[in-house]
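Asker:
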Amino acid sequence: MSVDIQLRHAVADLYADYGACIDGAKYDEWPEFFTDTAWYRVVPRENFDRDLPLSTLSLKGKAMMKDRIYGVESTIFHAPYYQRHVIGLPSITVREDETIHVEANYAVFRTKRDFPAEIFSVGRYIDRVVFEGETLKFSQKFCVFDNDIIPNSLIYPI
Amino acid sequence: MSVDIQLRHAVADLYADYGACIDGAKYDEWPEFFTDTAWYRVVPRENFDRDLPLSTLSLKGKAMMKDRIYGVESTIFHAPYYQRHVIGLPSITVREDETIHVEANYAVFRTKRDFPAEIFSVGRYIDRVVFEGETLKFSQKFCVFDNDIIPNSLIYPI
Amino acid sequence: MSVDIQLRHAVADLYADYGACIDGAKYDEWPEFFTDTAWYRVVPRENFDRDLPLSTLSLKGKAMMKDRIYGVESTIFHAPYYQRHVIGLPSITVREDETIHVEANYAVFRTKRDFPAEIFSVGRYIDRVVFEGETLKFSQKFCVFDNDIIPNSLIYPI
Amino acid sequence: MTSNRREGLDGQTLPTWEGEGSSRVPSPVYTDEGIYQRELERIFYGPHWSYVGLEIEVPEAGSFKRTSVGERSIIMIRNRKGEINVLENRCAHRAMRFCQERTGKVKTLVCPYHQWNYNYDGRLLGVPFRNGVKGNGGMPEDFSLDDHGLNRLKVAVRNGVVFACFDHDVEPLEEYLGEDILSCFDRTFNGRKLTLLGYNRQRIPGNWKLMMENIKDPYHPGLLHTWFVTFGLWRADNESRLKMDKHHRHAAMISRRSDAVTKNIEEGVTSFRQNMQLNEPLLLDIVHEPWWGNDTVCMTTVFPNVIFQQQVNSLSTRQIIPAGPDKFDFVWTHFGFEDDDEEMVERRLRQANLFGPAGFVSADDGEVIEFSQEGFEQDQAFSTICELDGRGVGQSDHMVTETLIRGMYRYWREVMEL
Amino acid sequence: MTSNRREGLDGQTLPTWEGEGSSRVPSPVYTDEGIYQRELERIFYGPHWSYVGLEIEVPEAGSFKRTSVGERSIIMIRNRKGEINVLENRCAHRAMRFCQERTGKVKTLVCPYHQWNYNYDGRLLGVPFRNGVKGNGGMPEDFSLDDHGLNRLKVAVRNGVVFACFDHDVEPLEEYLGEDILSCFDRTFNGRKLTLLGYNRQRIPGNWKLMMENIKDPYHPGLLHTWFVTFGLWRADNESRLKMDKHHRHAAMISRRSDAVTKNIEEGVTSFRQNMQLNEPLLLDIVHEPWWGNDTVCMTTVFPNVIFQQQVNSLSTRQIIPAGPDKFDFVWTHFGFEDDDEEMVERRLRQANLFGPAGFVSADDGEVIEFSQEGFEQDQAFSTICELDGRGVGQSDHMVTETLIRGMYRYWREVMEL
Amino acid sequence: MTSNRREGLDGQTLPTWEGEGSSRVPSPVYTDEGIYQRELERIFYGPHWSYVGLEIEVPEAGSFKRTSVGERSIIMIRNRKGEINVLENRCAHRAMRFCQERTGKVKTLVCPYHQWNYNYDGRLLGVPFRNGVKGNGGMPEDFSLDDHGLNRLKVAVRNGVVFACFDHDVEPLEEYLGEDILSCFDRTFNGRKLTLLGYNRQRIPGNWKLMMENIKDPYHPGLLHTWFVTFGLWRADNESRLKMDKHHRHAAMISRRSDAVTKNIEEGVTSFRQNMQLNEPLLLDIVHEPWWGNDTVCMTTVFPNVIFQQQVNSLSTRQIIPAGPDKFDFVWTHFGFEDDDEEMVERRLRQANLFGPAGFVSADDGEVIEFSQEGFEQDQAFSTICELDGRGVGQSDHMVTETLIRGMYRYWREVMEL
Ligand code: FES
Ligand code: FES
Ligand code: FES
Ligand SMILES: [Fe+3]
Ligand SMILES: [Fe+3]
Ligand SMILES: [Fe+3]
């Protein structure tokens, strides 16, 4: 099915806002980009390509995402860092069943205090989006990352 | 207020052209992307977040920008390098007062002779744009960079 | 000549699909993004700027591209690696003669086994596209890369 | 951080210990390049068993997995008899680390540079042009295929877990582990068929021993890991036992979750969050498995390169691959059992959110290791103080102790003669 | 650039100076890892005062700023009495560099790994489970909190500027600076309340001493910095004075802008641009401030780690944080005075365009330092020639001299015994 | 790969060779920092000619090209007499590597830091303020411009190719190359005017000698490079000759393409693809050039830093710039001849697809060098076995031999005294 212009722009805005939210450290707003039952997953490309089910992070439902944010902000001790997302052009496909599939490449740069920026995570978003009324939300967001090792730890959402 | 398609495309073109201008080393054309009284600022995220007014570079008005370009090309001795901008999807908001606010994440890669490309600056453009007749120009462009240290020097515009 | 919305979207999709094809390692599909007589070229910015004709890779016509893919997959021994393209907003210009010129900045990240992701190639696509029926294809694709040295070898298309 | 070598004009800095004990570890033990080189020689390449993987990772003849022992790349491969071999990934001809893929299946091991060809046992099968071409060239008369196979490590497989050692004089694995540690090992690995859930890989910028310390340190979980404390998964007041082998190089921390979770101001644990509640209780949906017995947690550190994790329903092996004195790669292999039903698989995957590079109770372990390394780097004259529960070394039935750390360093000092 | 250590098989390369003087500096002084380690010990951690910050950066009790002295991370923090302490950022337990934020305000200093807890004076207040849990474990009888505080540096505060030293036997700051340098210091820092404008941070890939040389070198500004020359901010023919302390380790370059700017072909200065005109004169909108007296510029280098800048209306401290022989971080802290009006604040901010990593007359200083380092790296047998105005060392009332550089290296040779 | 220095507590690892020969090369020869430093001194900066470029790269007086000999940056520049000078890119004043552009044209060589000014011969022309300003300062009486020029290398130009050497006592280029190698050189460079086609630059993470080995190894092309084998460009059964100079440091591999391409299972070459066919035959559109004679390939390795390539219609120089024991930059300069017609230019450009960092038969050379380096890094006790065609050294009329490699290492051992 063809992709109408409204959808194109809604998707573009969704990804721009999503990156801005995380990079702006507005973590409490982050779960609001998802539907109540959405699945958020950060998974190494190795597992994904080999159909190994393990994720680096696998949060099913907005409730679990909120627990993650609480955990990140109140329980996990870590060095402070900035994130910066640069997200490529998304490809949108609307299936027979009207589900909207969106994929986009991303690069996330991390900056720790006293250091230059470094490549933190590069990979592909493999997502599904749905309209809740006027607003577009993620019902699935898989962050499939290429980088074969994680530079120590992954704290904030990607 | 809703963002119409013309504006979306004008903004997309503005950012694409802006990056192309700098990366193509057409520095003399760079001030032309701004209004006469525009404020161009390169500022560390640290200062920006803490409301410290110091910038790494703060040019108020096209005249000062021209002086910067003259200074860069005729007075500052530095190693030659290439720049390459990769700019993410811009988010556009039109305020009550009709001012157009645009923000976009960017990554700038630097390549010095005999070296691989390296991350030079990553951050966010926090801009305002206005139409001068048909053409869209920056009335404000803040380059708020994450990287906590600058790799020696910053010569060309970001 | 003005760029109509259909063309804008077709170009955006072309670049998104192109990157997805390579990053997804679907190399057999790669030549299909080109016209039969297209010229695919990977060239150092140094040669390009100095009008030196040598390329790092110069494939004229789809047949040669197929030979390259065969060579890559069946004859060249190399360490396995992932690629990830992040492509910036394309600028489109339609010339008098109706030829469509498209340029876009790109960053390609490489990930080798057991290593973090690294910057592999950054540069600018200097392309021409044409419609073959409904589908847009590259009649020219120059990958002009900034990085002054190639990290050992370049195997897959950029 | 350029180099870790602190060698000044005034010669090499050697670690100076306070007294005979092992309760105060000097900075160079974590930062000195020369000490690290000796660790590679005497520990990783010496008579110590290193974990290399699980049998299920190489299901069939020709199936291989590439990994490392110390800094040396090795190949774990199954031969036609079904045995598992561990071969050094280095061609005998001109040193090529010819195997670059991480896993796969091959007919023979061929080095592409000149196509020297090895079988699953590492035997050199053939050399192109060995007898020359048209009577020209070829290998000398006295060249023997048998002299130029791949370097073959000694291998021990126990209940699906594979260990290897460069030193063929190493004692048998069972002796190496000792009775107590072996029983912890067999508790999880009792011969049941394992299932592979997947991997997580992180690079931690700290000395490899700091990870061993971390898992030999029952003092920190109740303090650093708010998550643990608050939900009683790990508390200083939980019932627990600490075991070591007779050399004190290996250890096991065994504990059981307390049912009642109470504030424990009295010990001044500020990391306890009284009002913390999960929006999604499933995150801690723990189901007791018969084989546990009463214990809900068993963390086993097998010197020098692996940790076996059972944290309630989450199971993993954690492999250490050192890369200099100041960093190591940490590879998590999560697994389950063949007879797990869907819910249990899902549960293990869900609880995996607590562990690994992003885990609620593991992400910060990587962070504290990084910061400790920074502390050692900045002062070569510093020594730690690991004197909780005294300066001696011994088993323990409580967790308010650093005895396991002292135990490891007592052994380290013997082996390293430092 | 892999390693800077040029140690060949034939043993360590030591710097060989031509003669007793200090006018020809050999390459290894800038490149050798062993020499650098001795510099850390004897200079940065020895009896020399290092700049750590401004009082206004830690306004209240518990306010802290994290920075470094040499390669050691330290915390500048204000205590309840309003005093400023400087503590090493390293937990006494297991070396954690526990303070990771750059600035903030805390109730106490807690190391999260095991929650050892220090007060603003670095005293260890408590240790969890010190007395064990349910009678088990805990710290030994002889464990004393007093023995395990944070390492505390000696501190000197003068008119809002904070210095620290690891060596408590260091002479008082005023003696350390000496009369002449002190008067330059007091000229800017006379007790007025300062206001913080912000920071710039750059990593310069060169030896830290090259930055000191650069600011002790009145020869280059009139040549390298076209901007200076053309607008007469700095010219070889400006009136000026050069001062040093009695050890010649510190220096001040004082100069006044000449009103008439004329071409000076006679000295063959090609960097002068006759036809250069500013499109925006505001860039050089200089307004004289009473406290200047006649001098428009005063650049003070305080050995080993700070430069105090007054360039017309632009004020900053420039801190050196070495990171190996071949690079250092350079931290600019721009400030003004509480009684600055809006125009003056704006003016200081505008003139800041001349300085810092992008500055019209500073960006190229970082560049030339990088290229000098490259030159030293490529030939260990090379020596510089710093013989403008002879080979001796002394005060000067002109700028056609390299005497300040010779002075610093004379002192360096004494301290380093090289 | 942190540091390549394998210096343990137990002192430096020196390479231990098996016997007098050079057929078994020990790992440290490729990995040791100390050995590498001696290589720079004795080989790259000693009496050996290094390739620096082609005359056509500096067409006019003042035209320059910046490159490196070993790790030292140098400038190749043409003077007014039309001669080519090679000058070290390091200012005599304070070591500035002042030339940063790769190529260009200048009036004089000016170091921007203090505008010391050199002519095309490296002579110091002037020093600003040499005589002081208003009677103040300036350089000492005994300062002589002649003592402070740029370091000038000895230069040899032959038929458009430029070589340089830091050691002015080096023998003449012709003697250095020797008769046989000289004839190979003159075959391509016979005085015809060259045309510059362009550059490719790659960084290869391996020891620089591995590239020399690779091009002295006629054993691998017929095995590794499927492309070669299948299209008969290079096969073990092709007619060929191997030459060396009398010191065995240089070599030439000369071969002719066989017309009939047949499967050669008998030698078990698995890289041959029977059914392989080009979709675009133009890729191998080879046209014989008169000057070839019967030979279709001539690869000449001139020790220590250049390879001259003639592979059918593709011509290039390949320059080695070492950057530590574990990596080097590899610079390809492709060229043609002035009298090439358009088709021939196009053909050379098209065949360039086979070479360089992406080349069908060169990309994998860089890869195997990387993997060999990894193999050496992981075991300092390893030695290669280069005994194809025996252990001796000598000319050969076939390609089933590693004699050229043994030859290079025989010379290397003499020079390095290792
Ligand atoms: S290096 Fe393995 S076959 Fe030659
Ligand atoms: S390391 Fe600081 S409390 Fe243990
Ligand atoms: S360093 Fe070259 S002129 Fe001073
Ligand atoms: Fe832990
Ligand atoms: Fe300066
Ligand atoms: Fe080859």
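Chains as they are written, first to last, in our numbering: chain A, 2 to 159; chain B, 2 to 159; chain C, 2 to 159; chain D, 29 to 446; chain E, 29 to 446; chain F, 29 to 446. Note that beta-carbon positions come from the ideal geometry of N, C-alpha and C, so glycine has one too.
Grouping DSSP H, G and I as helix and E and B as strand, with all else coil, what is Gly-435 of chain F?
Answerer: If DSSP states are grouped into helix, strand and coil, Gly-435 of chain F belongs with the helices.
Asker: In the segment 11 to 32 of chain B, which residues sit with their C-beta less than 9 Å from some C-beta in chain C, listed in chain order?
Answerer: Cβ contacts with chain C: Ala-13, Asp-14, Tyr-16, Ala-17, Asp-18, Gly-20, Ala-21, Asp-24, Gly-25.
Asker: Apart from the five residues just before and just after Lys-113 of chain A, which ones in its own chain have a Cβ nearer than 6 Å to its Cβ?
Answerer: Within the same chain, Lys-113 of chain A has close Cβ partners Ala-80, Tyr-82.
Asker: Looking only at its chain, what residues have a beta carbon closer than 6 Å to the beta carbon of Gly-435 of chain D, apart from the 5 residues adjacent to it on each side?
Answerer: Here the set comprises Met-272, His-276, Val-421.
Asker: Report the option in D:Leu-115, D:Leu-416, D:Arg-231 whose CA atom is closest to the CA atom of Lys-355 of chain D.
Answerer: Selected option, being the one with the closest Cα: D:Arg-231.
Asker: If the cut-off is 8 Å on Cβ atoms, which residues from the segment 98 to 122 of chain B count as contacting chain F, listed in chain order?
Answerer: The residues in question are Arg-114, Asp-115, Pro-117.
Asker: For His-160 of chain B, is the beta carbon positioned less than 7 Å from some heavy atom of ligand 3?
Answerer: Here chain B has residues from 2 to 159 only, and residue 160 of chain B is not among them.
Asker: Step through the CB atoms of chain F and report whether any lies within less than 8 Å of the CB of Lys-162 of chain D.
Answerer: Interface residue, yes.
Asker: Which residues neighbour ligand 2 when neighbourhood means a C-beta less than 5 Å away from any of its non-hydrogen atoms? List them by chain order.
Answerer: Those satisfying the condition are, in chain order, E:Cys-119, E:His-121, E:Arg-122, E:Met-124, E:Cys-139, E:Tyr-141, E:His-142, E:Trp-144.
Asker: Taking just the CA atoms, how far does Phe-259 of chain F sit from Arg-151 of chain D?
Answerer: Their backbone Cα atoms lie some 32 Å apart in a straight line.
Asker: Just how far apart, CA to CA, sit Lys-182 of chain D and Asp-170 of chain E?
Answerer: Cα-Cα distance, rounded: 48 Å.
Asker: Tell me whether Phe-110 of chain C, by its Cβ, gets closer than 7 Å to a heavy atom of ligand 1.
Answerer: Answer for Phe-110 of chain C: no, Cβ out of range of ligand 1.
Asker: Which parts of the segment 7 to 81 of chain B are runs of the alpha helix (DSSP H), unbroken and 4 residues or longer, counting only runs that do not cross its ends?
Answerer: 46 to 50, 63 to 71, all fully within the segment 7 to 81 of chain B.
Asker: Kindly indicate which three-state DSSP category Gly-150 of chain D falls into: helix, strand or coil?
Answerer: Gly-150 of chain D falls in the coil class under three-state DSSP.
Asker: In the structure shown, what three-state DSSP assignment does Lys-138 of chain B receive?
Answerer: Note: Lys-138 of chain B maps to strand in three-state DSSP.
Asker: Under 8 Å, Cβ to Cβ, is there at least one residue of chain F near Phe-78 of chain B?
Answerer: Yes - at least one Cβ of chain F is within 8 Å of the one on Phe-78 of chain B.
Asker: Does ligand 5 have even one heavy atom less than 7 Å from the beta-carbon of Asn-242 of chain E?
Answerer: Asn-242 of chain E Cβ: within cutoff of ligand 5.
Asker: Step through the CB atoms of chain A and report whether any lies within less than 8 Å of the CB of Glu-294 of chain D.
Answerer: Because the pLDDT of Glu-294 of chain D is 43, which lies under 50, any placement of that residue in the model is unreliable, and the number read from its coordinates should be weighed accordingly. So no, Glu-294 of chain D is outside the interface.
Asker: So, with DSSP's three-state summary, where would you put Glu-294 of chain D?
Answerer: At Glu-294 of chain D, the pLDDT of 43 sits below 50, so the modelled position is not reliable; the number obtained from the coordinates is stated separately. Helix.
Asker: Say whether chain A places a C-beta atom closer than 8 Å to the C-beta of Asn-153 of chain B.
Answerer: Chain A, which has no Cβ nearer than 8 Å to the Cβ of Asn-153 of chain B, makes this no.
Asker: Compute every distance between the C-beta of Phe-410 of chain E and the non-hydrogen atoms of ligand 3, then say whether any falls below 7 Å.
Answerer: Outside the cutoff, so no.
Asker: Distance check for Glu-111 of chain E and Arg-220 of chain E, CA to CA, integer angstroms please.
Answerer: Those two C-alpha atoms are separated by around 18 Å.
Asker: Which residues does DSSP list as the beta-bridge partners of Asp-98 of chain C?
Answerer: DSSP output for Asp-98 of chain C lists no bridge partner at all.
Asker: Please give me, in chain order, every unbroken run of the beta strand (DSSP E) with length at least 3 that falls completely inside the segment 327 to 377 of chain D.
Answerer: The qualifying runs are 334 to 339, 342 to 350, 356 to 365.
Asker: Output needed for Gln-339 of chain E: all residues of its chain with C-beta closer than 6 Å, excluding positions within five of it in sequence on either side, in chain order.
Answerer: Answer for Gln-339 of chain E: Val-325, listed in chain order.
Asker: Among all the DSSP beta bridges, which residues are the ones paired with His-86 of chain A?
Answerer: Paired residue(s): A:Val-109.
Asker: Give a single yes or no on whether Phe-468 of chain F has its beta carbon closer than 7 Å to a heavy atom of ligand 3.
Answerer: Given that chain F is displayed from residue 29 to residue 446, the structure contains no residue 468 of chain F and the question cannot be resolved.
Asker: Are the C-beta atoms of Val-43 of chain C and some chain B residue less than 8 Å apart?
Answerer: By this cut-off, Val-43 of chain C is not an interface position.
Asker: Relative to the alpha-carbon of Phe-217 of chain F, which residue among F:Ser-344, F:Asp-369, F:Asp-392 has its alpha-carbon at the smallest distance?
Answerer: The shortest Cα separation from Phe-217 of chain F among F:Ser-344, F:Asp-369, F:Asp-392 belongs to F:Ser-344.
Asker: In the structure shown, what three-state DSSP assignment does Gly-132 of chain F receive?
Answerer: Gly-132 of chain F falls in the strand class under three-state DSSP.
Asker: Going straight from the alpha carbon of Glu-294 of chain E to that of Phe-157 of chain F, what length do you get?
Answerer: A caution first: Glu-294 of chain E carries a pLDDT of 44, below 50, which makes its placement in the model unreliable, though a value can still be read off. Going by the C-alpha atoms only, they are around 9 Å apart.
Asker: First and last residue of the alpha helix (DSSP H) that includes Arg-66 of chain F?
Answerer: Taken as a continuous stretch (DSSP letters only), the alpha helix (DSSP H) holding Arg-66 of chain F covers 61 to 67.
Asker: Under 7 Å from any heavy atom of ligand 5, does the C-beta of His-253 of chain E make it?
Answerer: His-253 of chain E Cβ: within cutoff of ligand 5.
Asker: Would you please verify whether the beta carbon of Asp-392 of chain D is less than 8 Å from any beta carbon of chain A?
Answerer: Yes, contact with chain A.
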